[in-house]
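In terms of my numbering, the numbers along the sequence shown are unbroken and rise by one, the last being 441.
Idealized CB from N, CA, C, for every residue including glycine.
None of the values given here were measured: they were computed from a predicted structure.
Heads up: the structure comes next, in structure tokens.
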Amino acid sequence: MADHPVAGEHHHPSPASSAATALGPLLLLPSELLHEILLRLAVPELLRVRSVARPLSSLISSPDFRRLYHLSSSPSGPGPAAAWLLLFKKLPPRDAAIRGFHGPSGRWFRIPVSSILAPAVPPGEDLYFLAASASSFLFAANGRRELVVVDLTARAARRLPPSPLGPRGTSSWRRFGLKLVADPPGSNRFRFLFAELVNNTPFLFEYRSETDTWQQSEAVLAEGEGAEPAARAAAPDGDGGGTYLCAAHAGPDCVMVYAGPRADDRPVFFRPRFPNAAAGHGGERQHVYGDGSAAVVRSAAIDDPTSRTRVKVVTGVDLYGFGAGAVGGDWELVASVPGDLVEGFRKPYAAMTGLLAEREGVVRLVLISNCRGAWDLVWLSYDRARREWRWVPVPDWGSSKGLNMAGIAVSSTFSRLWPLAAPAPASSSSSSHQ
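Below you can see the structure in the form of structure tokens.
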């Protein structure tokens with residue numbers, strides 16, 4: 008499946024007047040129906056309409072429409088926001104682009120970042136995509152051993168100062184132990200947090216874009232029932248709650264660090280245990296951690312008659328979390344993926360990894376597997392309130408064979424991204440996103 012371009016990326020430019028003429032019948036619709044149509048578009052589609060259709064630009068840019076779109080963009084809203092699956096492929100910096108899959112529309116979008124990265128990243132640099140939140144996309148540069156953040160709304164990139172641990176290559180960053188948070192929500196300011204064991208002691212490191220500074224705190228052991236009450240893991244993405252990070256893990260054994268919602272909260276750490284059935288070392292089990300949840304992916308080895316080799320297939324997926332008690336408890340089973348859903352995405356694989364994220368009571372699990380050079384993506388979501396699992400089929404984007412994947416992320420706040428600058432005329436070069 009081919010990528011759909013974002014706003015301003017036109018392979019066959021057309022005059023603004025032609026675009027307005029083509030949209031003529033749409034402009035004659037009642038305003039209520041026009042709003043209903045526009046609210047169902049994904050962000051890149053809205054930006055494209057805004058850039059080529061001047062008559063609709065004022066409507067799309069109005070505060071009232073932005074408010075309605077943000078409301079419809081919540082996981083429980085009727086609009087297409089939900090979450091985005093964002094993927095970065097290793098390419099020369101001049102060709103760098105994020106592929107974004109929008110679940111409700113079932114389509115891939117190409118989000119060019121090459122021109123934005125150019126002033127901050129020298130030619131030939133090896134980039135890895137770490138995380139995304141709202142308009143901020145965070146990359147690790149392996150050559151210079153530093154962090155680079157891209158701001159899509161400002162169309163700017165800048166290098167972050169080294170963390171207290173000093174320069175770090177891409178292999179030093181662990182997906183389960185870091186978090187990018189728009190702060191305040193909806194703004195282009197952010198916090199970047201990561202947890203790490205330093206001399207076998209858990210530490211929390213936090214960067215704030217507002218001050219361009221790092222802070223570090225040594226985590227203290229949680230006291231079980233006497234510890235601070237746990238906040239829901241969905242909160243770190245901007246809902247005002249705390250943040251769970253995995254400082255270290257080896258299969259079912261992990262060290263979790265919890266940072267409270269207030270700046271003066273002392274981080275705590277604990278070592279939660281799985282029930283025996285989930286922690287058992289027999290068979291194939293993949294553990295994926297994120298936002299105070301854990302997914303245990305159970306697999307079985309089979310003979311592949313095509314390649315005459317041993318491969319694995321998924322036999323079950325279980326979601327675990329912490330109860331309503333204090334920070335410091337053990338893992339508790341939340342829900343298991345129904346067998347009929349598992350059958351829908353059962354494919355042979357040789358290697359697998361994953362990521363887990365939660366926002367507003369919706370847990371999203373992405374499993375990335377490889378078999379004979381071909382990549383496969385499985386996207387599952389669990390709605391806590393409805394106690395309902397969903398499998399979101401992810402179509403191939405036409406380049407998964409031999410894909411040199413360089414980072415993947417899930418962001419529900421990207422759907423609320425809105426350009427801060429006033430819209431430029433469609434004929435102006437400044438309207439291009441490439």
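Quiz item: DSSP three-state call for Phe276: helix, strand or coil?
Solution: Annotated three-state conformation of Phe276 is strand, per DSSP.
Self-check item: Distance CB(Gly361)-CB(Ala266) smaller than 8 Å
Solution: No, they are not a contact pair.
Exercise. Helix, strand or coil for Leu167, going by three-state DSSP, please let me know.
Key: Here Leu167 carries a coil assignment [DSSP, helix/strand/coil].
Quiz item: Per DSSP, what kind of secondary structure is Leu124 in: helix, strand or coil?
Solution: Helix.
Quiz item: Is it true that the CB of Arg198 sits closer than 8 Å to the CB of Glu213?
Solution: Yes, the Cβ-Cβ distance between Glu213 and Arg198 is below 8 Å.
Quiz item: Hey, is the stretch 391-403 in contact with the stretch 60-74, meaning 3+ C-beta pairs nearer than 8 Å?
Solution: The way I'd put it, the stretch 391-403 doesn't touch the stretch 60-74; fewer than three beta-carbon pairs between them come closer than 8 Å.
Quiz prompt | Cα-Cα separation between Met263 and Glu230, rounded to whole angstroms | solution = Going from the Cα of Met263 to the Cα of Glu230 covers about 13 Å.
Self-check item: Secondary structure of Thr177, DSSP reduced to three states
Solution: Three-state result, Thr177: helix.
Practice problem: Measure how close the beta-carbons of Arg152 and Gly131 come, nearest whole angstrom, since I'm counting them as under 8 Å. | Solution: Wrong, their Cβ atoms sit about 15 Å apart, outside the cutoff.
Quiz item: Is DSSP giving Leu172 helix, strand or coil here?
Solution: Three-state DSSP puts Leu172 in coil, outside helix and strand.
Self-check item: Three-pair Cβ contact test at 8 Å for the stretch 155-168 versus the stretch 110-129
Solution: The answer is yes - the stretch 110-129 touches the stretch 155-168, with three or more Cβ pairs under 8 Å.
Exercise. Give every residue of the same chain whose Cβ lies closer than 6 Å to the Cβ of Gly150, excluding the five residues on either side of it in the sequence, and list them in chain order.
Key: Closer than 6 Å at the Cβ level, and outside the excluded window around Gly150, lie Glu132 and Asp133.
Quiz item: Taking C-beta to C-beta, are Leu412 and Trp382 nearer than 8 Å?
Solution: A small fix is needed here, since residue 412 is Met in this sequence, not Leu. Going by C-beta atoms, Met412 is nearer than 8 Å to Trp382.
Quiz prompt | Through-space distance from Val399 to Pro279, alpha-carbon basis | solution = Between Pro279 and Val399, the C-alpha separation is close to 30 Å.
Quiz item: Hey, quick one: how far does the beta strand (DSSP E) through Pro209 stretch, first residue to last?
Solution: First-last of the beta strand (DSSP E) with Pro209: Thr208 to Arg215.
Quiz item: Considering only residues of the same chain and omitting the five flanking positions on each side of Phe95, which have a CB-CB separation below 6 Å?
Solution: Excluding its 5 nearest sequence neighbours in each direction, Phe95 has C-beta neighbours in its own chain below 6 Å: Ile105, Phe136, Ala413 and Gly414, listed in chain order.
Exercise. Ignoring anything shorter than 3 residues or poking outside the stretch 130-160, list the beta strand (DSSP E) runs there in chain order.
Key: 134-140, 143-148 and 153-158, all fully within the stretch 130-160.
Quiz item: What distance in whole Å lies between the Cβ atoms of Val321 and Ile309, which are believed to be in contact at a cut-off of 8 Å?
Solution: Between Val321 and Ile309 the Cβ distance is about 11 Å, and since that is not below 8 Å, they are no contact.
Exercise. Return the CA-CA distance between Pro282 and Glu339, expressed in angstroms with no decimal places.
Key: Each residue's alpha carbon lies about 7 Å from the other.
Quiz item: Can you tell me whether Leu36 is buried or exposed, with buried defined as 16 or more other CB within 10 angstroms of its CB?
Solution: Leu36 should be labelled exposed.
Quiz item: How many angstroms separate the CA atom of Arg57 from the CA atom of His256?
Solution: Here the alpha carbons of His256 and Arg57 stand approximately 46 Å from one another.
Quiz prompt | Between the CA atoms of Gln293 and Gly323 - distance to the nearest angstrom | solution = Gly323 and Gln293: Cα-Cα distance of roughly 11 Å.
Self-check item: Runs of beta strand (DSSP E) wholly within the stretch 295-348 (minimum 3 residues, chain order)
Solution: DSSP runs (the beta strand (DSSP E)) wholly in the stretch 295-348: 300-311, 316-328 and 339-343.
Quiz prompt | Proximity to Leu200 [Cα-Cα], best of Arg165, Gly346, Ala139 and Leu187 | solution = Of the listed residues, the one whose Cα sits closest to Leu200 is Leu187.
Quiz item: Residue range of the alpha helix (DSSP H) that Val57 falls in?
Solution: In the sequence as displayed, the identity of residue 57 is Arg instead of Val. Unbroken alpha helix (DSSP H) run through Arg57: Val50 to Val59.
Quiz item: Which residues in the same chain as Pro243 place their Cβ atom closer than 6 Å to its Cβ, once the five residues preceding and following it in sequence are excluded?
Solution: Unreliable positioning characterises Pro243 in this predicted model, as indicated by a pLDDT of 39, which lies under 50. A coordinate reading is not provided.
Exercise. Under 8 Å Cβ to Cβ from Trp180, same chain only, skipping five residues before and after it: list those, please.
Key: Same-chain partners within the cutoff: Tyr135, Leu137, Ala147 and Phe201.
Quiz prompt | Spatial distance of Ser376 from Arg61 (CA atoms) | solution = If you take the alpha carbons of Ser376 and Arg61, they lie about 44 Å apart.
Quiz item: So, are the CB atoms of Ala226 and Val275 less than 8 Å apart?
Solution: Yes, the Cβ-Cβ distance between Ala226 and Val275 is below 8 Å.
Quiz item: How many Å lie between Trp115 and Arg273 at the Cα?
Solution: Cα to Cα, the separation comes out at about 41 Å.
Quiz item: Would you report the Cα separation of Gly351 and Leu93, rounded to the nearest angstrom?
Solution: Cα to Cα, the separation comes out at about 23 Å.
Quiz item: How would you write the range of the alpha helix (DSSP H) that Glu1 sits in, first residue to last?
Solution: This structure gives no information on residue 1, because the portion of the chain shown stretches from 8 to 441.
Exercise. Given a cut-off of 8 Å, decide if Val417 and Ala90 are closer than it, judged by their beta-carbon atoms.
Key: The criterion of a C-beta distance shorter than 8 Å is satisfied by Ala90 and Val417.
Quiz item: Are the CB atoms of Ile67 and Leu41 nearer to each other than 8 Å?
Solution: No, the pair does not count as a contact, with Cβ atoms beyond the cut-off.
Quiz item: Apart from the five residues on each side of it in sequence, which residues of its chain come closer than 6 Å, Cβ to Cβ, to Arg397?
Solution: Correct list, in chain order: Ser388.
Quiz item: Could you give the distance in angstroms between the alpha-carbon of Lys354 and the alpha-carbon of Gly346?
Solution: Straight across, the Cα-Cα distance linking Lys354 with Gly346 is about 14 Å.
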